Amino acid sequence: MLERLSIDDRVVVITGGGTGLGLEMVRHLARAGANLVIAGRRSGPIEDAAAEVRALGPQSIAVPTDVSDSSQADALVEAAVRNFGRIDVLINNAALVSDSVPTPIWDISDSDWQAALDVNLSGSFYCARAASRPMADQGAGKIINVASGFGMRGGRDIYMYCCTKGAIIQLTRVLSFSLARYGVTANSIVPGFIPTAGTDTEMRESLPRSGAYLPTGKLGEPQDIGPVAVFLASPASDYMTGEIFTLDGGGLAGGLAPTGYAPQIPLEA
402 MLERLSIDDR
412 VVVITGGGTG
422 LGLEMVRHLA
432 RAGANLVIAG
442 RRSGPIEDAA
452 AEVRALGPQS
462 IAVPTDVSDS
472 SQADALVEAA
482 VRNFGRIDVL
492 INNAALVSDS
502 VPTPIWDISD
512 SDWQAALDVN
522 LSGSFYCARA
532 ASRPMADQGA
542 GKIINVASGF
552 GMRGGRDIYM
562 YCCTKGAIIQ
572 LTRVLSFSLA
582 RYGVTANSIV
592 PGFIPTAGTD
602 TEMRESLPRS
612 GAYLPTGKLG
622 EPQDIGPVAV
632 FLASPASDYM
642 TGEIFTLDGG
652 GLAGGLAPTG
662 YAPQIPLEA
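In case it helps, my numbering puts the sequence shown at residues 402 to 670.
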């Protein structure tokens, strides 16, 4: 059974892989044996992540990439194929964290809105478009898009993040329906709020400091996402496509959201 979960020597391209949830996925994928192509806008964090992977045994390269530029997304996939001969898995994880800072609609500029679309949605589309051709040519491949619970519900004044993450889920569905005939699957990971260094810096005042509102009673940790990424990158998930894998402590199942208000009636065991 464990052979179906093996990703030894698989070539995984991950965007936004130098920090936060992306870095945790990199670490878990490397421990599971995958070779990694790590992309991000800043060279320092992705170089450090690639060195960490190589210290664990697999091969890894860092490719500075702004996914909002389609030519750079194309170059990222070309670098993966040039260095490793193929691409088995694409993880679209890059996103603008600042987009989840609540902002009244009248304070959102055209450039703010466009930047969110360019990175969160167009970036995932560009990378999927570039990777899908070599995957289709080899008759196999996996695309994993990282969305958010805010892509499945509203958030007060969180326009750009909610809209783009909801669109990522729809992109996943269309990819899954369209590419299945070529042996390529597409699935989404939908995290709830999981504190990272980035969210602590950008959104300290607007997000919950505890998971008391969740059925589990606790917030997730960055390492929680790693095993899900490994599973979706492995043969164990071959018959799954167009699926949504929620990682939120039961928040969506319970209809709960961090609104900034405590419940009137205390939650009791």
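The beta carbon of each residue, even a glycine, is placed where N, CA and C say it ideally should be. All values reported here derive from a predicted model rather than from experimental measurement.
Per DSSP, cross-strand counterpart(s) of N493: Here residue 493 refers to the residue found at position 92 of the sequence shown. Note: N493 sits in a beta bridge opposite N546.
Answer yes if the stretch 451-459 comes into contact with the stretch 515-522, meaning at least three C-beta pairs across the two stretches below 8 Å, and no otherwise. no
Would you mind sorting L633 into buried or exposed? The rule is 16 or more other CB atoms within 10 Å of its CB. Counting from one through the sequence shown, the residue named residue 633 turns up at place 232. When all chains shown are included, L633 counts as buried.
Tell me which same chain residues have a C-beta within less than 7 Å of the C-beta of E425, skipping the five on either side of it? Your numbering for residue 425 matches position 24 in the sequence shown. Result list for E425: P623, Q624, I626 and G627, in chain order.
Are there 16 or more other CB atoms within 10 angstroms of the CB of M536, so buried, or fewer, so exposed? Along the sequence shown, read from residue 1 onward, the residue named residue 536 stands at position 135. The residue is buried, with at least 16 neighbouring Cβ atoms inside 10 Å.
Could you say if the stretch 550-557 and the stretch 504-517 meet the contact criterion of at least three C-beta pairs nearer than 8 Å? no
Counting Cβ pairs closer than 8 Å, one from the stretch 440-456 and one from the stretch 645-654, do we hit at least three? no
Assuming A350 and I439 form a contact by the criterion Cβ under 8 Å, report the distance between their Cβ atoms to the nearest whole angstrom. The structure shown does not extend to residue 350, since the chain spans only 402 to 670, so no value can be given for it.
Note the first and the last residue of the continuous beta strand (DSSP E) segment covering I590. Translated into positions along the sequence shown, residue 590 becomes position 189. From DSSP, the beta strand (DSSP E) with I590 extends over V585 to P592.
Presumed contact (8 Å Cβ cut-off) between R432 and V490, rounded CB distance: Residue mapping note: residue 432 aligns to position 31 of the sequence shown, counting from 1. Residue mapping note: residue 490 aligns to position 89 of the sequence shown, counting from 1. So it is not a contact: roughly 15 Å between Cβ atoms.
Reduced DSSP category for L648 - H, G, I as helix; E, B as strand; rest coil: Taking the sequence shown and counting its residues from 1, the one referred to as residue 648 is at position 247. L648 falls in the strand class under three-state DSSP.
Determine the DSSP secondary structure at S635, reduced to helix, strand or coil. Locating residue 635 in the sequence shown gives position 234, where the first residue counts as 1. S635 falls in the coil class under three-state DSSP.
In the DSSP assignment, what are the bridge partners of T672? Nothing can be reported for residue 672, as the shown portion of the chain is limited to 402 through 670.
Could you give the first and the last residue of the continuous alpha helix (DSSP H) run that contains A516? Residue numbering aside, residue 516 sits at position 115 when the sequence shown is read from its first letter. From DSSP, the alpha helix (DSSP H) with A516 extends over D511 to A517.
Taking just the CA atoms, how far does G651 sit from S533? Looking up residue 533 in the sequence shown gives position 132. Looking up residue 651 in the sequence shown gives position 250. The straight-line gap from Cα to Cα measures roughly 33 Å.
Put S407 into one of helix, strand or coil per three-state DSSP. The residue labelled residue 407 in the question sits at position 6 within the sequence shown. Three-state DSSP puts S407 in coil, outside helix and strand.
In whole angstroms, what is the alpha-carbon distance linking V464 and E479? Numbered from 1 along the sequence shown, position 63 holds the residue referred to as residue 464. Numbered from 1 along the sequence shown, position 78 holds the residue referred to as residue 479. Taking the straight line from one Cα to the other gives about 11 Å.
Three-way DSSP call (helix, strand, coil) for P535 in this model: Walking along the sequence shown from the start, residue 535 turns up at place 134. The answer is helix: DSSP assigns P535 an H, G or I state.
Give me the DSSP bridge partner(s) of I462. Working through the sequence shown from its first residue, we reach residue 462 at position 61. For I462, which the question treats as bridged, DSSP gives the partners V438.
Classification of L497 by the beta-carbon crowding that lies within 10 angstroms, buried from 16 upward: Translated into positions along the sequence shown, residue 497 becomes position 96. With 16 or more Cβ atoms within 10 Å of its Cβ, L497 is classed as buried.
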